[in-house]
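Working notes for the structure below.
In my numbering, the protein residues as written are 20 to 168.
Spelled out as structure tokens, the structure:
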């Protein structure tokens with residue numbers, strides 16, 4: 020059970036409709052950023068991925084909105100999404116939760132710092148969850164086109 024302060028902060032975030040609201044610069048509204056930052060403070064972590072994924076599973080938010088919440092969260096903290104990225108990568112390694120895999124595959128950051136590890140994990144993932152074959156192939160192809168450095 021989520022603690023009441025965490026639940027209140029999560030409910031505030033889920034009340035923001037990110038696909039319907041844009042700030043004047045075309046980016047997320049201050050309300051979305053503020054709600055994400057409040058959730059991070061209450062949670063005591065910048066990694067909101069599990070709470071957001073659980074909200075999708077419970078039907079409290081959509082996958083599209085969850086993608087936006089996680090994308091904004093990756094850039095809202097002080098660690099540029101490092102702890103959340105570790106969570107997303109662990110979801111891909113496990114490959115046993117369709118919602119979590121879907122969210123991880125649509126993250127704004129490439130999974131895994133090491134390209135060889137990414138290819139190995141995504142190829143294994145496709146064996147378990149073939150519905151993600153196209154997205155995994157896109158990630159692998161686009162990673163191989165990036166300059167090394």
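From the three backbone atoms N, C-alpha and C, an ideal C-beta is built for every residue, glycine too.
Three-state secondary structure assigned by DSSP to residue 99: As a working note, residue 99 is residue 80 in the chain shown. It is coil, neither helix nor strand.
Mind checking which residues open and close the alpha helix (DSSP H) that includes residue 175? Look at the range of the chain in this structure, 20 to 168, and you will see that residue 175 is not part of it.
Going by beta-carbon coordinates alone, are residue 162 and residue 134 separated by less than 8 Å? Locating residue 162 in the chain shown gives position 143, where the first residue counts as 1. Locating residue 134 in the chain shown gives position 115, where the first residue counts as 1. Closer than 8 Å, so yes.
Residue closest to residue 81, alpha-carbon to alpha-carbon, out of 35, 139 and 145: For the purposes of this step, residue 81 is identified with residue 62 of the chain shown, where counting begins at 1. With distances taken between Cα atoms, residue 81 lies closest to 35.
Give a yes or no on contact between the segment 144–155 and the segment 106–124, applying the rule of three or more CB pairs nearer than 8 Å. Yes, since at least three Cβ pairs between the segment 144–155 and the segment 106–124 fall closer than 8 Å, the two stretches touch.
Would you tell me roughly how many angstroms separate the C-alpha atoms of residue 120 and residue 92, rounded to the nearest one? Along the chain shown, one-based indexing puts residue 120 at 101. Along the chain shown, one-based indexing puts residue 92 at 73. Rounded to whole angstroms, residue 120 to residue 92 spans 18 Å at the Cα level.
Start-to-end residues for the alpha helix (DSSP H) that takes in residue 24: Here residue 24 is taken as the residue at index 5 of the chain shown, counted from 1. Segment 23–34, the alpha helix (DSSP H) holding residue 24.
Straight-line gap, residue 56 to residue 50 (C-alpha atoms, nearest Å): In the chain shown, residue 56 corresponds to position 37, counting from 1. In the chain shown, residue 50 corresponds to position 31, counting from 1. Those two C-alpha atoms are separated by around 10 Å.
Leaving out five residues before and five after residue 101 in sequence, what residues of the same chain have Cβ atoms less than 6 Å from its Cβ? Translated into the one-based positions of the chain shown, residue 101 becomes position 82. Within the same chain, no residue comes within 6 Å of residue 101 by CB-CB distance, once the 5 residues on both sides are set aside.
Three-state class that DSSP yields for residue 79 in the structure shown: Counting from 1 along the chain shown, the entry for residue 79 is found at position 60. Of the three classes helix, strand and coil, the one that applies to residue 79 here is coil, per DSSP.
Less than 8 Å separating the beta-carbons of residue 89 and residue 71? The sequence position of residue 89 within the chain shown is 70, counting from 1. The sequence position of residue 71 within the chain shown is 52, counting from 1. Result yes, Cβ atoms of residue 89 and residue 71 sit closer than 8 Å.
Ignore the nearest five residues each way along the sequence and tell me which others in residue 95's own chain have a CB closer than 8 Å to its CB. Counting from one through the chain shown, the residue named residue 95 turns up at place 76. 52, 55, 56, 59 and 65.
Expressed to the nearest angstrom, what Euclidean distance is found between the alpha-carbon atoms of residue 74 and residue 84? Here residue 74 corresponds to residue number 55 of the chain shown, with the count starting at 1. Here residue 84 corresponds to residue number 65 of the chain shown, with the count starting at 1. When rounded, the distance between both Cα atoms is 11 Å.
If the criterion is Cβ atoms closer than 8 Å, does the pair residue 129 and residue 158 meet it? Within the chain shown, numbered from 1, the residue matching residue 129 stands at position 110. Within the chain shown, numbered from 1, the residue matching residue 158 stands at position 139. Yes, the pair counts as a contact, with Cβ atoms nearer than the cut-off.
Three-state secondary structure (DSSP) of residue 168: For this step, residue 168 is matched to residue 149 along the chain shown. With a pLDDT of 47 at residue 168, under the threshold of 50, the predicted position of this residue should be treated as unreliable, and no value is reported.
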